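Engineer: Have a look at the structure that comes next, please.
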Amino acid sequence: MGEAVRGPVSAASPTAARAEDVPLPTVPVAPVAPAASPAGATPDARARARALLVPVAGQRAAAPAPDVAPVLPGVPAAARPRVQAPSAEPADEAGPPCPWCEVGNRPDRHFCRRCGMSLAERPGAPKARRPWWRRIRNVGNRPDPWAGERPRLRRGIGRGLTWVAYGLALTLVIYGAFNVSTAWSAARDHFAKRAQVTPDSAEASRSFDGHPPKVLFDKINNSWWGPGVSQSADGEWMEARFNEPTRLLDVLITSGISTKASDLSEAALPHRMDAIITTADGKQTTRQITLDQVSGPQQRKFRAQNVVSVRFVIRSAFNVGADKQVSIAEIEFFTRSATNGT
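Structure follows, in structure tokens:
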């Protein structure tokens, strides 16, 4: 048998010291013999050559991927959504084009045959504001908002003002329901034809000689009444009385001793007066009448009903002086004409 042969170890290798401590496996080597033909190799030589081979693990072939993915038992896989191919372009129709997709539509259509949008609306075009009486009818019939849009919320002071307006409207309705007759009479008085009415008698606190209070209602404007005192005659009065309750609408007062402008400086003119109205039930109402310093009759509204007397009390005057007294040429009352009905 031959000697045991060790593998070559480099002296520069850092594992040289450890290689000496660990014995390596020995392989018997046959003595060198002259080369022989491969056909004449002995079994021992073939065994030694096979022992020198290092076995290498073979690579396994990859398993083929299954055609269907595995799923849990009893749970079917969700079907994939099918994509619908675009339909064929519809045939052209004679008519106005759609403002959204520009496809022609028949005149009798209200919605586009392609996109389904309204043919009466145009994108981006401002809508004409309808009258208020048409908007009231469609308060609860407004169109639904588009997808992605949110209707405007009424918050803050705008919503509060809306409720205030509703409250005022309700108050007016209730007030009108309880005052329908008064409102109707006021409307009739406003448009009624006027007719002059003359008091049945007249009285005064005092009168200047030859100028009694009855001349105030004689329908002649060249006669006048005066209290016979100078200065403003504060507190002096004259009174017109009616035998039957009368409805009065207006009053005309002519200041001075006549209607001529040249006579204005001849006497003091009444400025402010209190009109004390007495009705048939004994109730008294006081109204203030303010006159201008002009010539001719001055008309004032004087709405009162069931009047039995009117007393005019002088409070102040124009053009007062120690040698002048307040003078009034005429006082005329007007009521509703009989041609207007009762």
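Just so we're aligned, residue 4 is where the sequence shown starts under the working numbering, counting upward by one.
Glycine included, every Cβ here is placed at the ideal spot set by N, Cα and C.
Please read these numbers as outputs of a predicted model, since none were measured by experiment.
In the stretch 202-248, which residue ranges form an unbroken beta strand (DSSP E) of at least 3 residues, counting only runs that do not cross its ends?
Structural biologist: 204-207, all fully within the stretch 202-248.
Engineer: Where Met276 and Leu164 are concerned, what is the direct C-alpha to C-alpha distance, given to the nearest angstrom?
Structural biologist: Counting from one through the sequence shown, the residue named residue 276 turns up at place 273. Counting from one through the sequence shown, the residue named residue 164 turns up at place 161. Whole-angstrom Cα-Cα distance: 44 Å.
Engineer: Which class does Ile3 belong to by DSSP, given the choice of helix, strand or coil?
Structural biologist: The structure shown has nothing for residue 3, since the chain only spans 4 to 345.
Engineer: Which residue from Val106, Thr289 and Arg244 puts its Cα closest to that of Val311?
Structural biologist: The residue you call residue 311 lines up with position 308 of the sequence shown. Nearest option by C-alpha distance: Arg244.
Engineer: Is the CB-CB distance between Ser261 and Asn225 below 8 Å?
Structural biologist: Position 258 of the sequence shown, counted from the first residue, corresponds to residue 261. Position 222 of the sequence shown, counted from the first residue, corresponds to residue 225. A contact, by the Cβ cut-off of 8 Å.
Engineer: Go ahead and pull the three-state DSSP assignment for Arg306.
Structural biologist: As a first step, residue 306 is located in the sequence shown; it is residue number 303 there, counting from the start. Arg306 falls in the strand class under three-state DSSP.
Engineer: Round the Cβ separation of Ala271 and Arg290 to the nearest angstrom and send it over; I've been treating them as touching at under 8 Å.
Structural biologist: Looking up residue 271 in the sequence shown gives position 268. Looking up residue 290 in the sequence shown gives position 287. The Cβ separation is near 22 Å, so there is no contact.
Engineer: In the DSSP output, what is Ile139 paired with across the bridge?
Structural biologist: In the sequence shown, residue 139 corresponds to position 136, counting from 1. For Ile139, which the question treats as bridged, DSSP gives no partner whatsoever.
Engineer: Using a 10 Å radius around the Cβ and a threshold of 16 neighbouring Cβ atoms, would you call Val35 buried or exposed?
Structural biologist: Here residue 35 refers to the residue found at position 32 of the sequence shown. The predicted position of Val35 is uncertain, since its pLDDT is 48 and thus under 50; no value can be drawn from it.
Engineer: Can you tell which of Phe337, Trp136, Pro67 and Arg318 has its C-alpha closest to the C-alpha of His193?
Structural biologist: On the sequence shown, residue 193 is found 190 positions in, with the first residue counted as 1. Answer by Cα proximity: Phe337.
Engineer: Under 8 Å: do the stretch 230-249 and the stretch 287-302 share three or more Cβ pairs, one atom per stretch?
Structural biologist: Touching, no, given that fewer than three Cβ pairs across the two stretches are closer than 8 Å.
Engineer: Can you name the residues that DSSP bridges to Ser258?
Structural biologist: Along the sequence shown, one-based indexing puts residue 258 at 255. BP columns for Ser258 point to Ile331.
Engineer: Curious, which full-length beta strand (DSSP E) runs of at least 3 residues does the stretch 256-295 contain?
Structural biologist: Correct list: 272-282 and 287-293.
Engineer: Cβ atoms of Arg339 and Ala195: under 8 Å apart, would you say?
Structural biologist: As a first step, residue 195 is located in the sequence shown; it is residue number 192 there, counting from the start. As a first step, residue 339 is located in the sequence shown; it is residue number 336 there, counting from the start. The answer is yes: Cβ separation under 8 Å.
Engineer: State the DSSP-derived secondary structure class of Ser184, mapped to helix, strand or coil.
Structural biologist: Position 181 of the sequence shown, counted from the start, is the residue given in the question as residue 184. It is helical.
Engineer: Nearest by alpha-carbon distance to Ala232: which of Ile317, Pro99 and Pro110 is it?
Structural biologist: Along the sequence shown, one-based indexing puts residue 232 at 229. A small fix is needed here, since residue 232 is Val in this sequence, not Ala. Selected option, being the one with the closest Cα: Ile317.
Engineer: Do Cys118 and Asn108 come within 8 Å of each other at the CB atom, strictly closer than that value?
Structural biologist: Locating residue 108 in the sequence shown gives position 105, where the first residue counts as 1. Locating residue 118 in the sequence shown gives position 115, where the first residue counts as 1. No, they are not a contact pair.
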